[in-house]
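Peer 1: Structure incoming, see below.
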Amino acid sequence: MISFLDKAVLQFDRALQTLVPHAAKATRPSPANTLEEAELDQVERKHSSGLMRINHTGEVCAQALYAGQATTAKLATVRQEMEHAADEEIDHLVWCEQRLYDLGSKPSILNPLFYGASFMIGAGAGLISDKLSLGFVAATEDQVCIHLQKHMAALPMQDAKSKAVLTQMHIDEAKHKAMALEAGGYEFPQPIMAIMTQVSKVMTITTYRI
Ligand SMILES: [Fe+2]
Ligand SMILES: [Fe+2]
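Structure below.
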């Protein structure tokens, strides 16, 4: 049996992997790799960086949510699928980070804060029930898909590299959402989704800049 201390060490390692630059390793190459770097002026570069920083923080939150949930939820039938989804989130995290550095920028300094908050939400929901916990995954992925769609339209036209990353992410996140719902995730009512949209606004407004 894994002791509490072992679990704590594993969790700490996972948090470090998410928060320390260049620490995580992707299993799939970035969709941006095969594309040419576009010419961006200063304003466009800043805008692309801001959007990719938001998406990177979104992936930090996803890591923390899955990690929190894994510590408390039973997930008897879907643990493997959830772990596979979490691996795909690591790809997203690494791709966004790499893109940020290529744009001459860096991840948000607020990431440890968002990691902590998301971990608590994941662990808290998992404690209550798997249905709620999976519902949170579905609702979060839904929010992420909305952001990704907005960001794909808002990126500078010629920034094909960033767009390629977001396109593959959108495919994966839609899959994660469907998986969480199929596994019995609770579909959150509209008022709850509206609150989640407000909370995610706090994240996007702050991390676009810092
Ligand atoms: Fe993701
Ligand atoms: Fe996802």
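So the sequence shown is numbered by my numbering: it starts at 115 and just counts up by one.
Glycine residues also receive a C-beta, built at the ideal position from the N, C-alpha and C atoms.
#1: Have a look at Y215 and S163 and give me their C-alpha separation to the nearest angstrom.
#2: Around the C-beta of H136, are 16 or more other C-beta atoms found within 10 angstroms, so that it is buried, or is it exposed?
#3: Taking R213 as part of the alpha helix (DSSP H), name the residues at either end of that continuous run.
#4: For K275, which of P145, D127, T186 has the nearest alpha-carbon?
#5: Locate the alpha helix (DSSP H) running through Q177, then write down its first and last residues.
#6: In chain order, what residues of the same chain lie with their CB nearer than 6 Å to the CB of Q183, ignoring the 5 residues before and after it?
#7: Determine whether the beta carbon atoms of T321 and S222 lie at a separation below 8 Å.
#8: Can you give me the C-alpha to C-alpha distance between E195 and G298, rounded to a whole angstrom?
#9: Which first and last residues belong to the alpha helix (DSSP H) in which K88 is found?
Peer 2: So, from the data block:
#1: Taking the straight line joining both Cα atoms gives about 9 Å.
#2: Burial state of H136 is exposed, judged by a 10 Å Cβ sphere holding fewer than 16 other Cβ atoms.
#3: Per DSSP, R213 belongs to the alpha helix (DSSP H) from 193-216.
#4: If we check each option's Cα against that of K275, P145 comes out closest.
#5: From DSSP, the alpha helix (DSSP H) with Q177 extends over 156-186.
#6: Excluding residues within five positions, the ones whose Cβ falls inside 6 Å are G236, G240, S247.
#7: Against a cut-off of 8 Å, the Cβ pair of S222 and T321 comes out as a contact.
#8: The alpha-carbon of E195 is positioned some 13 Å away from that of G298.
#9: The first residue shown for the chain is 115 and the last is 324, placing residue 88 beyond what the model contains.
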